[in-house]
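Residue numbers (my numbering): 640 to 777. Yeah, the Cβ is synthetic: ideal placement off N, Cα and C, and Gly gets one too. Read through the structure below, which is laid out as structure tokens, and then see the notes.
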Amino acid sequence: MALRKRRPGLVYPVWEDWHYVGSGGSEPAFSNSWANVTGSPKLAFRIRETGIVDIQGTIDSGTGLNVFTLPVDYRPSSFTAVTISAYIAANGRISCLATIATNGIVSVLVDPTGAGTTYPERANFGSAQFNLSPAVVA
């Protein structure tokens, strides 16, 4: 990772470019028929200099909970969940959870209890983010 100086004596890594899910090459593929929504921001992720991973974009047409799998260097050290917005025809726009497992699987869940297998018709990650290594609270 390249480094640059912003202030004398302090060195910060340069933010990397976005990685676009489903764009081919070395980028992760979508799972379960999820796809980008035409005309909306594409699903993408990056890591920032502070160890924060950003995920953004809007997806739809999925046939299962799992959306894609993050590469090893982008995976959290513990199971993580972030609130995102979603759409279900029966309920309209709702809040739901995007979960990021330690194996890198990113999923969208409408039923946070895990009792069901409900997933939304459309999900918007907005500006979701998580820490690679969450702080431990004593």
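Output needed for residue i: all residues of its chain with C-beta closer than 7 Å, excluding positions within five of it in sequence on either side, in chain order.
{"i": "Y726", "result": "R732, P759, E760 and R761"}
With a threshold of 16 other CB atoms inside 10 Å of the CB of residue i, please say whether the residue is buried or exposed.
{"i": "I694", "result": "buried"}
{"i": "T738", "result": "buried"}
{"i": "F764", "result": "buried"}
{"i": "V706", "result": "buried"}
Under 8 Å by Cβ, that's how I've got residue i and residue j pegged, so tell me the actual separation to the nearest angstrom.
{"i": "V676", "j": "F669", "result": "That belief does not hold up - the Cβ atoms of V676 and F669 are roughly 12 Å apart, past 8 Å."}
{"i": "N730", "j": "G701", "result": "Not a contact, Cβ separation roughly 16 Å."}
Between the options, which lies nearest to residue i when the distance is taken from Cα to Cα?
{"i": "A767", "options": "G703, I686 and A728", "result": "I686"}
{"i": "C735", "options": "T741, T757 and F718", "result": "T757"}
{"i": "A720", "options": "V745, I698, W673 and D712", "result": "V745"}
Please work out which residues of its chain come closer than 6 Å, Cβ to Cβ, to residue i, disregarding the five sequence neighbours upstream and downstream, and give them in chain order.
{"i": "S743", "result": "As written in the sequence, residue 743 is Gly, which differs from the Ser given in the question. T708, L709 and R714."}
Short check: CB of residue i to CB of residue j, under 8 Å?
{"i": "E688", "j": "W657", "result": "no"}
{"i": "L748", "j": "V692", "result": "no"}
Among residues of its own chain, excluding the 5 on either side of residue i, which ones have a beta-carbon nearer than 8 Å to its beta-carbon?
{"i": "I723", "result": "S734, C735, L736, A737, V747, A762, N763, F764, G765 and A767"}
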